[in-house]
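Let me begin by presenting the structure, written as structure tokens, before commenting on it.
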């Protein structure tokens, strides 16, 4: 009996270690849990993590303003003092001074806080009146420089003094209809990309001029993500077309949708430490994960009870932890794990 048991255990060990590497990686999944106690505001439009203290995070909601958590999403409280606008479409945190953050609003322009959301003040000098700010981006090398993507009119504004004043920076961008997402090259910080209703536009001079970068790309772009280690590689999430990838700084694009069963992609998140790992949040399909730069996708939705995913954010220090905001106003916290397989019983 003892001899038989030893043989069986050896067989199990051999079977386990002989799994192909790709199969073992594909088996890795995400376990999600609700993490939104205290949030009341409808759809989650924005989700931002403090890069220095990742247990501190913020969400922008459809009707409740900004909420803040200081315990990794365990509990949340509203931080809206001085913030009259309740529909928050975008958030951006200063990477060097994370108590400073900006909120883009519906028809209220940009608001700024210098005390972690404790108080807010409007910073709209130079912005068009009643601006709807869909996207915000802060230059990682010069955080006093930031960009605001606007709905209609002059579609992009730039500030070089931490929001104190703004100027139009949309030459070549006027036909894009609106700017839904912005991404900055982390190495060549004057290179930036705008995801718009009419595709991706690129600037190589800090927004002075823009040109279309749409060869092979579907038009309506909701999300952009730049590889932090190889910035010439970037991804675009589209409505109806899934995910597209460029390996030459946006010159050409190709679809990377193998395994991606839902093609409305509203948000993308890339692992800063392992950029070949990225996540796509979809309408109706939840979250998909790729570990090979988008070549293959797998759904990772265990515990995710709302599959209308509007925002994703990865903990920059512990990338096995990520957060998802949904159209139903929920926030989920995901922990990377492994899918369980039942053992084979030998008799």
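In this note's numbering, the protein residues as written are 144 to 490.
Heads up, the beta-carbon is just placed ideally off N, CA and C, and yes, glycines get one too.
Between residue 411 and residue 440, the C-beta gap is not smaller than 8 Å, which leaves the two residues out of contact. The alpha-carbon separation between residue 228 and residue 186 amounts to approximately 15 Å.
Nearest Cα to residue 350 within the set 357, 358, 288 and 394: 288. For residue 222, same chain residues with a beta-carbon under 6 Å away, outside a window of 5 residues either side, are 209, 211 and 260 in chain order. The shortest C-alpha to C-alpha distance from residue 253 to any of 192, 430, 235 and 344 is the one to 235. In this structure, residue 445 places its C-beta atom within 8 Å of the C-beta atom of residue 172. Contact check for residue 198 against residue 213 passes: the beta carbons are separated by less than 8 Å. Counting only runs of 4 or more residues that sit fully inside the region 428 to 486, no alpha helix (DSSP H) segment turns up. Rounded to whole angstroms, the separation of the alpha carbons of residue 298 and residue 331 is 22 Å. A direct Cα-to-Cα measurement between residue 266 and residue 192 gives close to 22 Å. Judged by DSSP secondary structure, residue 180 falls outside any beta strand (DSSP E); it is assigned neither H nor E. Going by C-alpha positions, residue 281 is about 19 Å away from residue 392. Straight-line spacing of the CA atoms in residue 459 and residue 354 works out to 31 Å.
Per DSSP, the continuous beta strand (DSSP E) segment holding residue 248 begins and ends at 244 to 248. In this structure, the alpha-carbon of residue 206 lies about 27 Å from that of residue 308.
The closest CA to that of residue 264, considering only 279, 247 and 277, is found on 247. The alpha-carbon of residue 429 is positioned some 31 Å away from that of residue 274.
8 Å or more divides the Cβ of residue 396 from the Cβ of residue 423.
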